[in-house]
């Protein structure tokens, strides 16, 4: 009777398995490094708030190729809308202020941080899971 548990292993299959494992490790390492950078920024701004009245309304991008954003209050949250449609990012409201850290319902989640430079200038730092630096977009209040 033949040994059913014996599977011949070629050098080629060992090489392919090593390459696959290496790629997975590289992928995970880069993702964890990027996420650590984002998490440290998020923790640094975790308790920061902006007055809700300062953020509500329509904001036009400085880069005219982008679309306008509208911040609207929706229950215990402030949402971003683009072309009157929810853009997915939500920010928690507490009393008369909104937390600057927003999140999009996605896995892995997309994060963004609002930075109100002055009453008419807003900067949004958008983060995606594997990005080490944010995509920064500046807006002016309309």
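Numbering (the numbering used here), first residue to last: 309 to 450. We put the CB at the ideal spot given by N, CA and C, even for glycine.
Item, Value
"Buried or exposed by the 16-neighbour rule on C-beta atoms within 10 Å, applied to residue 419", "buried"
"Residue 449 and residue 406 closer than 8 Å at C-beta", "no"
"Residue 397 beta carbon less than 8 Å from that of residue 383", "no"
"Under 8 Å between C-beta atoms of residue 367 and residue 447", "yes"
"Terminal residues of the beta strand (DSSP E) in which residue 398 lies", "393-402"
"Residue 361, enclosing alpha helix (DSSP H) - first and last residue", "360-363"
"Continuous beta strand (DSSP E) stretch holding residue 405: start and end", "405-407"
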